[in-house]
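Only one structure is covered here, and it is reproduced in the block below.
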Amino acid sequence: MKNPMPIKSTSEDADFKVNEKKWSAALMNAGWAVLPNVFLARQKALGLDSVDLNIILHLASYWWKPGDKPFPSKGTIADAMGVNPRTIQRRIAALEKLGFIKRHERRISKVGSKTNIYDLSGAIELAKPYAQELVELKEENIAKKAALHAKKGKPKLKVIKSDND
């Protein structure tokens with residue numbers, strides 16, 4: 001299987017090294033995917049079952065630059081998940097109907113069809129309200145911890161925000 005991850009740039013080195021320490025060089029060098037936590041934390045609220053979430057994760061694993069939408073074949077996704085390609089086809093159609101995915105067919109005259117290009121902008125928009133909810137919960141928890149610290153007479157907590165917050 002072709003590794004969908006491009007060669008990492010210098011600006012990504014620090015994040016890659018941190019993840020390499022967590023997961024190991026062997027696993028990170030095999031490829032990795034970025035998926036916002038909101039899809040996991042609010043899977044049920046979004047109406048996604050495990051197959052739907054798995055499909056979104058597979059599409060995300062092939063999406064590395066904003067303008068370069070992913071285009072894995074349904075067969076590739078099906079093989080990785082251990083299901084029939086028709087199952088993937090039906091579920092992608094359902095995800096499209098719900099607004100999570102937009103499929104763009106690629107037809108070439110005389111050759112036929114190539115794999116679809118998948119646009120996940122609908123999933124992003126559908127997840128934004130839940131992401132805001134998670135951010136607000138996180139901020140509330142930080143405020144509660146700070147108040148508890150102050151009540152106990154401890155020094156004020158220093159909040160360090162990372163890119164992952």
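Each residue of the sequence shown is one higher than the last, beginning at 1 in our numbering.
Glycine residues also receive a C-beta, built at the ideal position from the N, C-alpha and C atoms.
Since the model is a prediction, treat every value here as computed from it, not as a measurement.
In this structure, how does DSSP classify residue i when only helix, strand and coil are distinguished?
{"i": "D49", "result": "coil"}
{"i": "G153", "result": "coil"}
{"i": "V18", "result": "helix"}
{"i": "K74", "result": "helix"}
{"i": "K173", "result": "The shown model of the chain, from 1 to 165, leaves out residue 173, and the question about it has no answer."}
{"i": "K2", "result": "The predicted model places K2 with a pLDDT of 49, which falls under 50 and marks its position as unreliable; any figure quoted below should be read in that light. Reduced to three states, the DSSP call for K2 is coil."}
{"i": "V34", "result": "coil"}
{"i": "G99", "result": "coil"}
{"i": "G82", "result": "coil"}
{"i": "R170", "result": "Lying outside 1 to 165, the shown extent of the chain, residue 170 is not represented and no answer is given."}
{"i": "D13", "result": "helix"}
Quickly, what does DSSP pair residue i with across the bridge? List them, please.
{"i": "I117", "result": "H104"}
{"i": "G112", "result": "I108"}
{"i": "K65", "result": "D68"}
Assuming residue i contacts residue j (C-beta within less than 8 Å), just tell me the rounded distance between them.
{"i": "I77", "j": "I55", "result": "6 Å"}
{"i": "F170", "j": "N37", "result": "The structure shown has nothing for residue 170, since the chain only spans 1 to 165."}
{"i": "W63", "j": "L120", "result": "7 Å"}
{"i": "I101", "j": "Y118", "result": "6 Å"}
{"i": "K114", "j": "R106", "result": "4 Å"}
{"i": "L134", "j": "A41", "result": "6 Å"}
{"i": "F39", "j": "A127", "result": "6 Å"}
Taking one C-beta from the region 45 to 61 and one from the region 25 to 37 each time, how about it: are there three or more such pairs within less than 8 Å?
-> yes
Taking three-plus beta-carbon pairs below 8 Å as touching, is the region 91 to 98 in contact with the region 132 to 146?
-> no
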